[in-house]
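All residue numbers for the sequence shown refer to numbering that gives the first Met the number 0, where the first residue is 0 and numbers rise by one. For glycine and all other residues, C-beta sits at the position ideal for the given N, C-alpha and C. Quick caveat, the model's predicted, so the values are computed rather than measured. For reference, the structure is listed below as structure tokens.
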Amino acid sequence: MNDRTILITGASTGIGLQSAIGLAKLGAKIVMVGRDEGRTARAVEHVKSQTGNELVSYLLADLSSLQQVRKLAQEFKDKYGKLDVLLNNAGAIFLTRKVSAEGYEMSLALNHLDYFLLTDLLLDMLKSGPSGCVVNVASRAHYRGHVNFDDLQSQHGYNGMRTYGMTKLMNVLFTYELARRLQGTKVTANCLHPGFVASNFAGNNGWLVRFGMKFMSGRISVEDGAKCSVYLASSPDVQGVSGKYFNYDLKETRSSDESYDEAIAKRLWDVSEKLVAIGK
Ligand SMILES: NC(=O)c1ccc[n+]([C@@H]2O[C@H](COP(=O)([O-])OP(=O)(O)OC[C@H]3O[C@@H](n4cnc5c(N)ncnc54)[C@H](OP(=O)(O)O)[C@@H]3O)[C@@H](O)[C@H]2O)c1
0 MNDRTILITG
10 ASTGIGLQSA
20 IGLAKLGAKI
30 VMVGRDEGRT
40 ARAVEHVKSQ
50 TGNELVSYLL
60 ADLSSLQQVR
70 KLAQEFKDKY
80 GKLDVLLNNA
90 GAIFLTRKVS
100 AEGYEMSLAL
110 NHLDYFLLTD
120 LLLDMLKSGP
130 SGCVVNVASR
140 AHYRGHVNFD
150 DLQSQHGYNG
160 MRTYGMTKLM
170 NVLFTYELAR
180 RLQGTKVTAN
190 CLHPGFVASN
200 FAGNNGWLVR
210 FGMKFMSGRI
220 SVEDGAKCSV
230 YLASSPDVQG
240 VSGKYFNYDL
250 KETRSSDESY
260 DEAIAKRLWD
270 VSEKLVAIGK
């Protein structure tokens, strides 16, 4: 991976941070995206000290804001000029309904529109390299998801789990549609479920949820939770593989029936283009 440049979102903690460690160990140049300067700078130092790789740096953006996603993409282009792997990893569940700076429901903004817009803005860079790759961290929660085009903003009877499942299904639909649109190029797009991981996930929902999560059984370590992201971002086994969903055991797996519906994927793409164009 010595000549590869990798951009990782949500890299200040959890699966993203551990993915940065895994990929830095392989010698790649890593750009970690966080939203808090102190936390992200400390994460960069942690990766350097764990791996001995000094080619690790960071950029800042609140990825729930489309304006900040655009600014991030421009800063990345100006500063680095080359991109081989985009690892879209930042994500969260919101147990009560919140809205982003541009007025979008938060899960939609952070979990889907961020992946969609950032990929779109950086796709030319990926295409100009020898073998670009997009890796989207989805979730098995997508199996319970359904894209409700009549209520994409989850304004009616908000249920955080349901909305999270919908946005994670969007990650899978987006990956498959992107892979179809990238046919004939050297860029691949895949997505994954990282496992049920002992990260800070859901910790944004208050101390009671944070406390409860600590005692959840069956969670795997962040080291194990990052394995599939590292694998899809670096392994020769998946060179040329595109439009697939992988499980944390590194096995290609069938995703939900709805995720294979090309009409839904195309409709989601068209709607997303309209949503991200606002404020351009
Ligand atoms: N943990 C699981 O069991 C599990 C299962 C399936 C899928 N996933 C997926 O795995 C991915 C990583 O989650 P995780 O488990 O590592 O959770 P985590 O420990 O909470 O990490 C989430 C990362 O996303 C960042 N982030 C959150 N909101 C952001 C925003 N508005 N702007 C920029 N960055 C933001 C966080 O930054 P801060 O440090 O600033 O908060 C953090 O770096 C997510 O996409 C999640 O949906 C997780």
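Residue from the options whose Cα sits closest to the Cα of residue i
i      : options                           : result
Gly211 : Glu222, Ser198, Asp223 and Val221 : Ser198
Arg69  : Gly90, Gly183 and Phe115          : Phe115
Thr186 : Gly21, Gly205 and Cys132          : Sequence inspection shows Val at residue 186; the Thr mentioned does not correspond to that position. Ranking the options by Cα distance to Val186, first place goes to Cys132.
Thr252 : Gly194, Leu22, Leu181 and Tyr157  : Gly194
Ser127 : Met105, Gly21 and Gly80           : Gly80
Val229 : His45, Asp248, Leu125 and Phe93   : Asp248
Ile14  : Asp113, His192, Ser106 and Asp256 : His192
Coarse secondary structure for residue i, derived from DSSP in three states
i      : result
Leu62  : coil
Tyr244 : strand
Asn170 : helix
Ser127 : coil
Thr50  : helix
Tyr259 : helix
Asn203 : helix
Thr12  : coil
Ser254 : coil
Ser228 : helix
Thr184 : coil
Lys265 : helix
Leu249 : coil
Residue range of the beta strand (DSSP E) that includes residue i
i      : result
Val30  : Lys28 to Gly33
Leu191 : Thr187 to Leu191
Val135 : First, the residue type needs correcting, since residue 135 is Asn and not Val in the sequence shown. Note, Asn135: beta strand (DSSP E), Cys132 to Val136.
Cβ neighbours of residue i in the same chain (closer than 7 Å, five flanking residues each side left out)
i      : result
Gly33  : Ala10, Ser11, Thr39, Ala42, Tyr57 and Leu59
Gly278 : Caution applies to Gly278, whose pLDDT of 49 falls short of 50 and renders its modelled position unreliable; the value that the coordinates give is listed next. So the list reads Leu65, Gln66 and Glu101, once near-sequence residues are dropped.
Arg218 : Phe195, Val196 and Ala197
Met165 : Gly144, His145, Val146 and Asn147
Sequence-distant residues of its chain with Cβ nearer than 6 Å to residue i (five each side left out)
i      : result
Thr174 : Asn135, Ala188 and Cys190
Arg96  : Tyr157
Lys226 : none
Gly26  : Met0 and Asn1
Val208 : Ala201
Residue i CB to nearest heavy atom of ligand 2 below 7 Å
i     : result
Arg69 : This structure simply doesn't include ligand 2; it includes ligand 1 instead.
Residue interval of the alpha helix (DSSP H) (run including residue i)
i      : result
Ile92  : Where Ile92 is concerned, there is no enclosing alpha helix (DSSP H), given that its DSSP letter is neither H nor E.
Val221 : Val221 to Gly224
Residues near residue i by beta carbon distance below 8 Å, same chain, minus five either side
i      : result
Glu176 : Glu261, Ala264, Lys265, Leu267 and Trp268
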